[in-house]
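> Each residue of the sequence shown is one higher than the last, beginning at 187 in the working numbering. Backbone N, C-alpha and C define an ideal beta-carbon position, used for all residues, glycine too. Since the structure is predicted, the reported quantities are computational estimates derived from the model, not experimental observations.
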Amino acid sequence: MANVRQYNEIMGSLPAGVALVAISKNKTTDEILEVYAENQRLFGENKVQELVPKYEALPKDISWHFVGHLQSNKVKYIAPFIDLIHSVDSLKLIQTINKEAQKNNRIIPILLQIYIADEQTKFGLDYNEALEILQSGILKTFTHIEIHGLMGMATFTDDLRKVREEFKGLSNFFRKVKKDFFFDSDKFKILSMGMTDDYHIAIEEGSNLVRIGSAVFGSRLH
Ligand SMILES: *Cc1c(COP(=O)(O)O)cnc(C)c1O
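1. Pull the bridge partners of tyrosine 301 from the DSSP assignment, please.
2. Using the beta-carbon count (16 or more within 10 Å), is asparagine 284 buried or exposed?
3. Return the chain-ordered list of same chain residues with a C-beta closer than 7 Å to the C-beta of tyrosine 241, the five sequence neighbours on each side being excluded.
4. Within the stretch 217-298, note down every full beta strand (DSSP E) run reaching 3 residues or more, in order along the chain.
5. Does DSSP classify histidine 386 as helix, strand or coil?
6. For the alpha helix (DSSP H) containing methionine 197, list its first residue and its last residue.
7. Identify, in the order they occur along the chain, each residue of the same chain with its Cβ nearer than 6 Å to the Cβ of glycine 404, setting aside the five sequence neighbours on each side.
8. Measuring straight from C-alpha to C-alpha, what distance separates aspartate 345 and lysine 278?
9. Which same chain residues end up closer than 7 Å to arginine 361 when comparing Cβ atoms and leaving out the 5 residues on each side of it in sequence?
10. For histidine 334, count the other beta carbons within 10 Å of its own beta carbon; 16 or more makes it buried, fewer makes it exposed. Which is it?
11. Among residues of its own chain, excluding the 5 on either side of alanine 433, which ones have a beta-carbon nearer than 8 Å to its beta-carbon?
12. What is the DSSP secondary structure of valine 204, reduced to helix, strand or coil?
13. Taking only three categories from DSSP, how would you classify glutamate 318?
14. Can you tell which of Gly392, Ala340 and Val363 has its C-alpha closest to the C-alpha of glutamate 352?
15. Report buried or exposed for lysine 213, applying the criterion of at least 16 other Cβ atoms within 10 angstroms of its Cβ.
16. On the three-state DSSP scale, how would you describe serine 378?
17. In the DSSP assignment, find the unbroken beta strand (DSSP E) run with leucine 325 in it and report its ends.
18. Just the Cα atoms here: how many angstroms apart are leucine 407 and aspartate 370?
19. Specify, as a first and last residue, the run of the beta strand (DSSP E) that leucine 395 falls within.
20. Under a Cβ-count criterion, where at least 16 other Cβ atoms within 10 Å of its own Cβ denotes burial, should serine 199 be classed as buried or exposed?
Below is the structure:
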C-alpha cells in the first residue's frame with residue numbers, strides 16, 4: 187500500500203516552484219493508482235523493462251520520467267512516450283536518444299546527470315566532462331533533444347554537511363551552466379536533486395524537482 191497520508195504531507199510542505207516525481211520502482215500498478223488518485227501525475231522509474239508494462243497498463247495522462255542508468259540499446263522502448271530522462275550521462279546516449287526521438291517524430295527533454303557523490307557506484311558525468319560536452323557545441327546539432335537541466339545524487343551517508351556541500355556544488359554549477367550556455371533558453375530550468383532522505387536539504391540548496399520513492403510508497407524492496 188502507498189503511504190497516501192505521508193504523500194499528502196510532503197506535497198503540502200513543498201515550497202512553490204518545487205515539483206515532485208514519485209519514484210514507483212518495485213511498486214505495483216495498484217500502488218501507483220493510489221497515488222494517482224491523489225492527483226499525482228509525475229512518476230519515475232529506473233528500469234526500462236519495468237517502465238514499459240506500467241506505461242501500457244496505466245492511464246495515459248501520467249507523465250513518465252526515467253531516472254536510472256539507461257543503456258543505449260534500450261532507448262527505443264521508451265522513446266515513444268518518455269517525458270523526461272534525468273539520467274543522461276554520455277554523449278553516446280545523447281546521440282541515441284536524439285536518433286530514437288527523431289524516429290518517433292518527437293523532441294525528448296533530457297537532464298544531464300552530474301556525478302557529485304563520493305562513491306564509485308553512482309553514474310554521471312563529472313563537472314569537467316559535462317563542460318567539455320557543453321563547450322564543444324555538439325549539442326546544438328541534435329535537433330530532437332532539449333536539455334532541460336541537470337540531475338545529481340548525493341553520497342549515501344549520515345553526514346548531512348557533506349550531502350549539503352554536494353548539492354551546493356551542483357547548484358552553483360547549474361547557475362554557471364545556465365549563464366554560460368543557456369542564457370537564451372527558457373527550457374533549461376530543472377535542477378533535479380533530492381530523494382526521501384535528503385530532499386529537505388536539496389530544496390534548501392536550490393532543487394526544483396525532487397525524486398521521492400520510499401516516503402511515498404513505503405520502504406523500498408532490496
Ligand atoms: C530510487 C531512486 C530515487 C528515490 O529514492 P527514495 O530514497 O526511495 O526516495 C530517486 N532517484 C533515483 C535515481 C532512484 O533510483
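Quick look at the numbers:
1. In the sequence shown, the residue the question calls residue 301 occupies position 115. Tyrosine 301 is bridged to Met339.
2. Residue mapping note: residue 284 aligns to position 98 of the sequence shown, counting from 1. Asparagine 284 sits buried, since 16 or more C-beta atoms from the chains shown fall within 10 Å of its C-beta.
3. Along the sequence shown, one-based indexing puts residue 241 at 55. Only Trp250 and Phe267 meet the Cβ criterion.
4. 228-231, 249-252 and 270-274
5. Numbered from its first residue, the sequence shown carries residue 386 at position 200. For histidine 386, the secondary structure class from DSSP, reduced to helix, strand or coil, is helix.
6. Taking the sequence shown and counting its residues from 1, one reaches residue 197 at position 11. That run of the alpha helix (DSSP H) goes 190-199.
7. For this step, residue 404 is matched to residue 218 along the sequence shown. So the list reads Asn189, once near-sequence residues are dropped.
8. In the sequence shown, residue 345 corresponds to position 159, counting from 1. In the sequence shown, residue 278 corresponds to position 92, counting from 1. Going from the Cα of aspartate 345 to the Cα of lysine 278 covers about 35 Å.
9. Locating residue 361 in the sequence shown gives position 175, where the first residue counts as 1. Excluding its 5 nearest sequence neighbours in each direction, arginine 361 has no C-beta neighbour in its own chain below 7 Å.
10. On the sequence shown, residue 334 is found 148 positions in, with the first residue counted as 1. Under the 10 Å beta carbon count, histidine 334 is surrounded by 16 or more other beta carbons and is classified as buried.
11. Residue 433 cannot be examined here, being either before or after the span of the chain that is shown, 187 to 408.
12. Against the sequence shown, residue 204 aligns to sequence position 18. In this structure, valine 204 counts as coil in the three-state DSSP scheme.
13. By 1-based counting over the sequence shown, the position of residue 318 is 132. It is helical.
14. For the purposes of this step, residue 352 is taken as residue 166 along the sequence shown, with counting starting at 1. Minimum Cα distance to glutamate 352 is reached at Ala340.
15. As a working mapping, residue 213 is identified with position 27 in the sequence shown. Per the 10 Å Cβ criterion, buried.
16. Walking along the sequence shown from the start, residue 378 turns up at place 192. In the structure shown, the three-state DSSP call for serine 378 is strand.
17. Looking up residue 325 in the sequence shown gives position 139. Careful: leucine 325 lies outside any beta strand (DSSP E) and carries neither H nor E.
18. Translated into the one-based positions of the sequence shown, residue 407 becomes position 221. Translated into the one-based positions of the sequence shown, residue 370 becomes position 184. Interpretation of leucine 407 is limited by its pLDDT of 47, a score under 50 that renders its predicted location unreliable; the figure taken from the coordinates is listed afterwards. The alpha-carbon atoms of leucine 407 and aspartate 370 are separated by roughly 43 Å.
19. Against the sequence shown, residue 395 aligns to sequence position 209. Unbroken beta strand (DSSP E) run through leucine 395: 395-398.
20. On the sequence shown, position 13 is the one that residue 199 refers to. By the neighbour-count rule (16 or more Cβ atoms within 10 Å), serine 199 is not buried but exposed.
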